[in-house]
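Take a look at the structure set out below.
Numbering (full-length UniProt numbering), first residue to last: 1 to 197.
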């Protein structure tokens, strides 16, 4: 029987998340991750099972701290437009504040793994489509609360918001000004009739 693994699992997940976020999943081999964590390859497999299983843990950890987690906890009586405006402001702030200009780890990995990796691609696709569904639900809530008119275009507006979200995260890799990112987001929100001052 091998020696017990001695490392802080949460710290390891955080470290691996940051490596994947910066370099991508495919650039993170078991050997590279093991070296970063200061463990052997056999200890890696004993601790995490596989690189894919570790990535799923990393995703959970990322989702728990991602700015768009706010979409999951909107009160029924809350102003959806204020929530959306604040969400996009926060995304612009957090992306501009990132000195490594990493954008969104999920968006980065979608472009790398969806349609290519049979295990992780569907998980990432589900995450993106889940946000889209949540945005559509929130817009229906805004219509029910009288904040916006439902002209049968809530799905299209949700798609536009999802596109804005993905676009901001990609744009933040080259545009580092919070003001510029927010100007783009604000203009889109105004154009969709979803901006709250």
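Cβ coordinates follow ideal geometry from the N, Cα and C atoms, glycine included.
Item to complete: Indicate whether residue 100 and residue 114 have their beta-carbon atoms separated by less than 7 Å.
Response: no
Discussion item. Taking the straight line between their C-alpha atoms, what separation do you get for residue 138 and residue 32?
Written reply: 41 Å
Practice prompt. Would you please state the rounded distance, in angstroms, between the beta carbons of residue 85 and residue 189? I believe it to be under 8 Å.
Written response: 6 Å
Fill in: Between the CA atoms of residue 153 and residue 10 - distance to the nearest angstrom
42 Å
Worksheet item: Using CA coordinates, which residue listed in 80, 176, 127 and 37 is at the minimum distance from residue 196?
Response: 80
Worksheet item: In its own chain, which residues sit with a C-beta less than 7 Å from the C-beta of residue 119, not counting the 5 before and 5 after it?
Response: 52
Discussion item. Measuring straight from C-alpha to C-alpha, what distance separates residue 77 and residue 104?
Written reply: 29 Å
Worksheet entry | Three-state class that DSSP yields for residue 118 in the structure shown | coil
Worksheet item: If we ignore side chains and look at the alpha-carbon of each, how far apart do residue 46 and residue 39 end up?
Response: 11 Å
Discussion item. Which same chain residues end up closer than 6 Å to residue 59 when comparing Cβ atoms and leaving out the 5 residues on each side of it in sequence?
Written reply: none
Discussion item. Restricting to runs no shorter than 3 residues, where is the beta strand (DSSP E) found entirely within the stretch 172–196?
Written reply: none
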